[in-house]
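Quick note: the sequence shown uses our numbering, first residue 1, plus one each step.
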Amino acid sequence: MSQVKPLPEDIQKVAIEELGEVPSRIPADLEALKEWIRIQPHLRARMDDQFLIQFLRGSKYSLEKAKEKVDLYFSLKSKYPNMFSPCNVDDPKFRQMHNLGCYVLLPKPLNGNGCRICVGRFSYSPDNLNIEDIYPPTCAMFEITFLTDPHASIHGFVFVFDFGECTASHLLQFTPTFCKKVISFLEKSMPCRIRAAYFINVPSVAQQILRVIFTLCSEKLRQRLFIIGNNINDLTKYIPLEYLPKDYGGNNGSLNELIKEYNKTFDSFREYFKENAQYGTDESLRIGKPIDLDGPFGMGGSFRKLAVD
C-alpha cells in the first residue's frame with residue numbers, strides 16, 4: 001500500500017480528469033518508477049511515495065516522462081548545488097535570502113480552489129547579490145509545496161512577476177546561462193504545472209529581454225506567459241483583486257508577514273533537507289548517453305550586447 005496522502009475530493013477529481021490518475025493503480029505506478037530508479041547506477045533519488053507521486057502526476061502518468069523529470073531534477077541539483085540543492089535551512093545566508101521576499105506564496109489559491117499563486121519580485125540589491133543567490137530558499141519552498149500542497153501539486157502554479165523594483169543592474173544578471181538553468185529547473189524538472197505567468201510593471205528594455213528569454217521556453221509554456229501593463233486593473237483581469245496580496249490592494253495576505261511566517265515551515269523541514277544531501281547523480285556512473293545540461297540553449301555570454309531601442 002502506498003504512503004500517499006489522500007487528496008480532497010474536488011482535487012482528486014481534477015487529478016483523475018486532467019492528469020490521468022487512477023487511484024487504484026497508484027501503488028503499481030509508484031513501484032514501476034521505483035524499480036527504474038533502483039537500477040540506475042548514477043542516480044540517488046528520494047524514494048518516498050509522497051515525493052515520487054508528484055513526478056508521475058507532473059508527467060500525466062507517462063512513466064517515461066516521469067523518469068526524465070526525476071533524472072533531470074537530481075542532475076540539476078548535483079551540477080548546480082549552490083542554486084538548486086539547499087541542505088541546511090539554518091544557514092544564515094539561506095534565511096537572509098528568504099527574508100528578502102523575492103518569491104512569496106500566497107495563502108488563498110486562485111478563485112479559492114485553484115492554482116497556488118506565487119509573487120516574484122526584485123527585492124534584492126544587485127550591487128552585492130547575484131540573482132542566483134536567491135534561488136536556494138526558493139527551490140526549497142517549491143519542493144515543500146509540491147510535497148504538501150494539493151493546490152500546487154494538482155492544479156499547478158500561477159506566477160506574478162513584478163518588475164517594479166527591477167533596475168538595469170538586475171537585468172544584466174539575466175545571462176543565457178542563468179536563464180537556461182531556471183527554465184530547465186522550473187519547466188523541465190519541477191513536477192508541477194505552470195499554468196500562467198504574468199509580468200507586471202515591466203520597463204520597455206526589460207520587455208525586449210523577456211521576449212528573448214521566452215524563446216528559450218517550450219511553445220506550450222510561451223502561450224502561458226503574459227507581459228501586461230502597470231495598472232493593477234490589468235492584472236485583475238486574470239487574477240481577481242481578492243486573490244492578490246494586501247500590498248497590491250487585495251486580501252490574500254501581507255507579503256512581509258507571509259515571509260516571516262514561512263520561516264516556521266523551513267524549521268519543520270530541517271531534517272528533510274539535511275537528508276537531501278545524500279541524493280543526486282554521479283555522471284561517471286551513468287549508463288548510455290549523458291544528459292547534456294549545457295546543450296539546449298548554449299552556455300556563457302550575457303544579454304549585455306542585446307540591441308534595444
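Virtual Cβ for every residue (Gly too), placed ideally from N, Cα, C.
Note that the coordinates shown come from a computational prediction; the quantities given were computed from them, not determined experimentally.
Taking 8 Å as the cut-off, the beta carbon of R121 is found no closer than this to the beta carbon of F157. Excluding sequence positions up to five before and after A15, its CB lies within less than 7 Å of the CB of L7, E21, R57, I154, all in the same chain and listed in chain order.
Judged by DSSP in its simplified three-state form, L105 adopts strand. Between the stretch 225-233 and the stretch 108-128 there are fewer than three inter-stretch CB-CB distances shorter than 8 Å, so the stretches are not counted as touching. Minimum Cα-Cα distance from Y73 among the listed residues C118, L241, K181, K220 corresponds to K181.
When DSSP states are grouped into helix, strand and coil, R193 belongs to the coil group. I144 is the residue among L221, I144, G164, K60 whose C-alpha sits nearest the C-alpha of K264. For I154, no beta strand (DSSP E) run applies, since DSSP gives it neither H nor E.
Contact between P137 and H170 is ruled out by a C-beta separation of about 18 Å, above the 8 Å threshold. Annotation: F226 is outside any alpha helix (DSSP H); the continuous beta strand (DSSP E) that includes it extends over 225-227. By the neighbour-count definition (other C-beta atoms within 10 Å, threshold 16), M47 is an exposed residue. Assigned with DSSP and collapsed to three states, F146 falls in helix. Taking each of N130, Q3, Q208, A45 in turn and checking the Cα distance to E275, the smallest one comes out for A45. The beta carbon of P23 sits closer than 8 Å to those of Q12, I16, all from its chain and outside the five residues before and after it, given in chain order.
In the three-state reduction of the DSSP assignment, I117 falls in the strand class.
When DSSP states are grouped into helix, strand and coil, V158 belongs to the strand group.
Burial is judged here by how many other beta carbons sit within 10 angstroms of a residue's own beta carbon; L33 has at least 16 and is buried.
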